[in-house]
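Using our numbering, read the sequence shown as starting at 18 and increasing by one per residue. Heads up, the beta-carbon is just placed ideally off N, CA and C, and yes, glycines get one too. In this text, all values refer to a predicted model and were calculated from it rather than measured experimentally.
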Amino acid sequence: MNPQNKKEIERRRTFAIISHPDAGKTTLTEKLLLYGGAIQSAGSVKGKQSDKHAVSDWMELEKQRGISVTSSVMQFEYDGYCINILDTPGHQDFSEDTYRTLMAADSAVMIIDAAKGIEPQTRKLFKVCAMRGIPIFTFINKLDHEARDPFELLDELETEFGIATYPMNWPISCGITFKGIYDRNTRQILTYDNFHGGRNRLEAICCDVDDVERLDELIGENLREELFFQTELLDGAGSEFDLDEVQKGKLSPVFFGSALNNFGVEQFLESFLKMTSSPLPRLTEDAQVVDPFDDKFSAFVFKIQANMNKAHRDRISFMRICSGKFERGTEYYHVQSDKSLRLSQPQQMMAQERDIIDEAYAGDIIGVFDPGIFSIGDTICDKSMNLRFSGIPTFAPEHFAIIEQVDSMKRKQFAKGMHQIAQEGAIQIFFTPNGGMERVIVGVIGMLQFDVLKFRMKSEYGVEYIRQDIPHDQIRRVKTPEFNSDNFNLAGDTRWVKDVRGNDLLIFNGQWTVQWAIDKNENLELAEFHQDM
Ligand code: G4P
18 MNPQNKKEIE RRRTFAIISH PDAGKTTLTE KLLLYGGAIQ SAGSVKGKQS DKHAVSDWME
78 LEKQRGISVT SSVMQFEYDG YCINILDTPG HQDFSEDTYR TLMAADSAVM IIDAAKGIEP
138 QTRKLFKVCA MRGIPIFTFI NKLDHEARDP FELLDELETE FGIATYPMNW PISCGITFKG
198 IYDRNTRQIL TYDNFHGGRN RLEAICCDVD DVERLDELIG ENLREELFFQ TELLDGAGSE
258 FDLDEVQKGK LSPVFFGSAL NNFGVEQFLE SFLKMTSSPL PRLTEDAQVV DPFDDKFSAF
318 VFKIQANMNK AHRDRISFMR ICSGKFERGT EYYHVQSDKS LRLSQPQQMM AQERDIIDEA
378 YAGDIIGVFD PGIFSIGDTI CDKSMNLRFS GIPTFAPEHF AIIEQVDSMK RKQFAKGMHQ
438 IAQEGAIQIF FTPNGGMERV IVGVIGMLQF DVLKFRMKSE YGVEYIRQDI PHDQIRRVKT
498 PEFNSDNFNL AGDTRWVKDV RGNDLLIFNG QWTVQWAIDK NENLELAEFH QDM
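This is the structure in structure tokens:
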């Protein structure tokens, strides 16, 4: 490969930040962007309680609710690295978008609130990372507040997630007596200046851990003794650091700090950038490996965002570049439609602005205007390459509702809207066999997706509908050929539906009805819902 292109790819780092809401994801992202000089002031990323809207708040609904529904991408430079941060929605109720975003990342930074430890959303997101073997780096935040015992927090990570942890630094107390962190690698103490709220990082004092006298002055004898005791324990009993294990996703390096006070953030960033890898190879459907350093361009669509610009009713497809270099104006091949095309107005997020770009490299995320040709999981590549990236899994919906149009004059718009929104992956739709299109069953992972659907159907397609939630929470694929539910003994409210491709599925109300179907029907073959889009 051309050495210049190779260098560009080598310096790329593409990662997602994951956390339970309120653990500090927005705050940490903002500090990272500040270091990269990508934003000028704190508060620029955040939209929650101010009138400044987060970079990703494109949709009206997001603004109204003050939340970020969709995930966005931000690129910035730091210390010779070109960094792509994939932001994931930070609200309680999340959707498949979050999962898919993780498919485009090479590693993940997991933020944990030191007072709370693992929370439900951290758990869900971790599972997806683990499924893909994505390396996970942990930032334990809010040490300036009362926190749980650090050993206990590590223990929780290890037992709940089944991974080893390696603390890169160690906190010296917490809350009002928080004194700083000890860097295990450099053996330096970085003190937290409570008086200044730690805001000005230049005022933090660095001290060698072996300089006991100075250490006693800075943190007091008691805390110094406690630190020595704890680090001895760590050195004796903890896991060994092994970069290989980190990159396999089996060992999570752990950092302590306070994002709000900008304490420990730069140390985290520097250390993280060294440990995380440049863009990783990707697999195709037939298990071939696509090397990011291959000269030829290839990418896959992992997210589709509709109507980001109200003036145009376009949608933007986000793709992760997997190999080579993208050049604007070049004709590429869209595998699924078997057509050559020029990607229109390719753009990249640079913190707050979207820029039209001329080139991008493996590891980068680009957004292109999409007149409705792309679907989630599609491959776009150099004309001479014939490959399909392995699909992005569709996750099993956990909530279902019957959606019925109100105005039969708008049948066409209803069908079009439901199909397009489903094609973007914002919802999943199912049909009753032999039923019409005026009534569909919609499946979602987070209830908020229903709000987004309602809003979009009204504002983009001018259609209103009635939604009737159903208590079903399980879905299975039926593998029995020529299935007809009349021929099987199923619990009363089990529903037989078909997906857009005509596959048979069963929707169950509670786990016991699934068990009933299995127990009572020898010739019924059910499979997990997970499938590639
Ligand atoms: P999220 O994106 O993960 O949802 O979390 P976000 O960064 O919005 O942080 C949630 C709350 O936690 C915010 O307070 C934020 O200021 C606070 N926070 C983040 N990092 C730290 C930290 O290191 N120490 C302390 N003490 N607090 C931290 P808020 O009151 O909800 O919002 P705001 O009024 O500050 O905007």
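Residue of the options minimising C-alpha distance to residue i
| i | options | result |
| --- | --- | --- |
| Ile333 | Ser288, Asp166, Thr46 and Val90 | Val90 |
| Ser401 | Ala544, Phe143, Asp355 and Leu170 | Asp355 |
| Ala323 | Leu404, Ile373, Ser340 and Gly442 | Gly442 |
| Ile193 | Tyr209, Gly460, Asp200 and Trp187 | Tyr209 |
| Lys133 | Ile157, Ile153 and Ser294 | Ile157 |
| Val423 | Phe391, Ala377, Lys475 and Cys398 | Lys475 |
| Gln528 | Asp503, Phe314, Gln491 and Tyr349 | Gln491 |
| Tyr116 | Phe93, Val145 and Val126 | Val145 |
| Leu250 | Gln264, Pro167 and Leu297 | Pro167 |
| Ala379 | Asn19, Pro20, Gln21 and Glu25 | Glu25 |
| Lys313 | Asp39, Ile338, Glu262 and Met127 | Ile338 |
| Met426 | Tyr482, Glu242, Arg30 and Ile198 | Tyr482 |
| Phe310 | Pro270, Pro296 and Glu94 | Pro296 |
| Asp225 | Ile206, Leu240 and Lys267 | Ile206 |
| Gln364 | Thr530, Glu344, His351 and Asn501 | Glu344 |
| Asp39 | Met18, Met127 and Thr31 | Met127 |
| Trp187 | Gln138, Glu113, Leu240 and Thr31 | Leu240 |
| Met185 | Ser288, Val531, Asn19 and Asp510 | Ser288 |
| Leu50 | Ile34, Lys23, Gln92 and Glu27 | Gln92 |
| Ile552 | Thr44, Arg29, Arg28 and Glu27 | There is no way to answer for residue 552, as the model of the chain reaches only from 18 to 550. |
| Ile446 | Gly519, Ser407 and Asp375 | Gly519 |
| Gln440 | His489, Glu477 and Gly389 | Gly389 |
| Arg149 | Leu171, Asp123, Pro137 and Gln138 | Asp123 |
| Arg29 | Tyr52, Tyr349, Lys291 and Ile409 | Lys291 |
| Tyr95 | Met120, Gly53 and Ile129 | Gly53 |
is_contact[residue i, chain B] using C-beta, thresh 9 Å
| i | result |
| --- | --- |
| Asp210 | Reference to chain B is not applicable here, since this structure consists of a single protein chain. |
Residue i: CB within 8 Å of a non-hydrogen atom of ligand 1
| i | result |
| --- | --- |
| Thr194 | no |
| Ala40 | yes |
| Ala159 | In the sequence under discussion, the amino acid at residue 159 is Lys, which differs from the Ala named in the question. At least one heavy atom of ligand 1 is nearer than 8 Å to the Cβ of Lys159, so yes. |
| Leu45 | yes |
| Ile128 | yes |
| Ala125 | no |
| Ser275 | yes |
| Ser269 | no |
| Ser36 | yes |
| Asn186 | no |
| Asn403 | no |
| Asn239 | no |
| Asn202 | no |
| His436 | no |
| His162 | yes |
| Asn22 | no |
| Asn526 | no |
| Asn278 | yes |
Sheet register partners of residue i (DSSP bridge)
| i | result |
| --- | --- |
| Val459 | Ala418 and Ile446 |
| Gln485 | Ile419 |
| Asp312 | DSSP lists no partner for Asp312. |
| Gly197 | Ile189 and Thr208 |
| Ile157 | Ile129 and Phe273 |
| Trp513 | Leu523 |
| Val226 | Paired residue(s): none; Val226 is not in a bridge. |
| Met336 | Val318 and Ile383 |
| Ala181 | Leu268 |
| Gly134 | Asp130 |
| Thr552 | The first residue shown for the chain is 18 and the last is 550, placing residue 552 beyond what the model contains. |
Those runs of the beta strand (DSSP E) which lie wholly inside the region 229–298 and span at least 3 residues: For the region 229–298, whole beta strand (DSSP E) runs of length 3 or above, ordered along the chain, are 268–273.
Is it a yes or a no for the region 156–164 touching the region 301–318, going by three-plus beta-carbon pairs under 8 Å? Taking 8 Å as the limit for Cβ pairs, the verdict is that the region 301–318 does not touch the region 156–164.
Kindly confirm or deny that the region 453–464 and the region 432–444 touch, where touching means at least three C-beta pairs closer than 8 Å. The answer is yes - the region 432–444 touches the region 453–464, with three or more Cβ pairs under 8 Å.
Does the region 382–392 touch the region 342–362, meaning 3 or more C-beta pairs lie closer than 8 Å? Judged by pairs of C-beta atoms under 8 Å, the region 342–362 touches the region 382–392, as three or more such pairs exist.
At a cut of 8 Å, does the region 274–287 reach the region 140–158 through at least three beta carbon pairs? They touch, by the three-pair rule.
With contact counted as at least three CB pairs below 8 Å, one residue from each stretch, are the region 167–183 and the region 247–265 in contact? Contact holds: three or more Cβ-Cβ distances are below 8 Å.
Is there contact here, the region 521–541 with the region 494–501, by at least three beta-carbon pairs under 8 Å? Flag = yes, the region 521–541 and the region 494–501 touch.
Within 8 Å, do at least three Cβ pairs link the region 459–467 to the region 410–420? Touching, per the Cβ criterion.
Threshold first: 3 residues or longer. Then list the beta strand (DSSP E) segments lying entirely within the region 89–124, N to C. If only uninterrupted beta strand (DSSP E) runs of at least 3 residues are considered, those enclosed by the region 89–124 are 90–95 and 98–104.
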